[in-house]
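Following the numbering used here, the numbering of the sequence shown begins with 563 at its first residue and continues without gaps.
Quick reminder that beta carbons are idealized off the backbone N, C-alpha and C, glycines included.
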Amino acid sequence: LVQYNGRICILADGNREPLTLAPDFHAKELTLVASSDGWDYHQHAAWFFEVIRREKPPLAQLFEHEMMATQLLQIFEKLATGELSPVKILVRYK
């Protein structure tokens, strides 16, 4: 899904699982930008959306769960109870 010399952004608050890099990561010479409380969310969002604007990757294939911004409260409740545990969530605002 990620092209050669591509970039991956990982933002984690929980550090639930170790980050294990697959052989493709090294074979494709990918760049990893990751943070656990390093950059703030605004800096991550600015970086991410600038990359999206320039490169236009297929976002739908990157996320395990998709939701509207109006569903945030319900989604956070499900995340807190463990009813929902996706690694990546796409939040749509329109």
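Hey, is residue i close to the ligand SAM, as in C-beta under 6 angstroms from one of its heavy atoms?
| i | result |
| --- | --- |
| P648 | Absent from the structure shown: the ligand SAM. Ligands present: none. |
Is the beta carbon of residue j closer than 7 angstroms to that of residue i?
| i | j | result |
| --- | --- | --- |
| F610 | C571 | yes |
| F625 | L652 | yes |
I need the straight-line Cα distance from residue i to residue j, nearest angstrom please.
| i | j | result |
| --- | --- | --- |
| K656 | M629 | 11 angstroms |
| L594 | R569 | 6 angstroms |
| N567 | T632 | 36 angstroms |
| S647 | L634 | 14 angstroms |
With which residues is residue i paired in a DSSP beta bridge?
| i | result |
| --- | --- |
| H627 | I651 |
| I572 | A596 |
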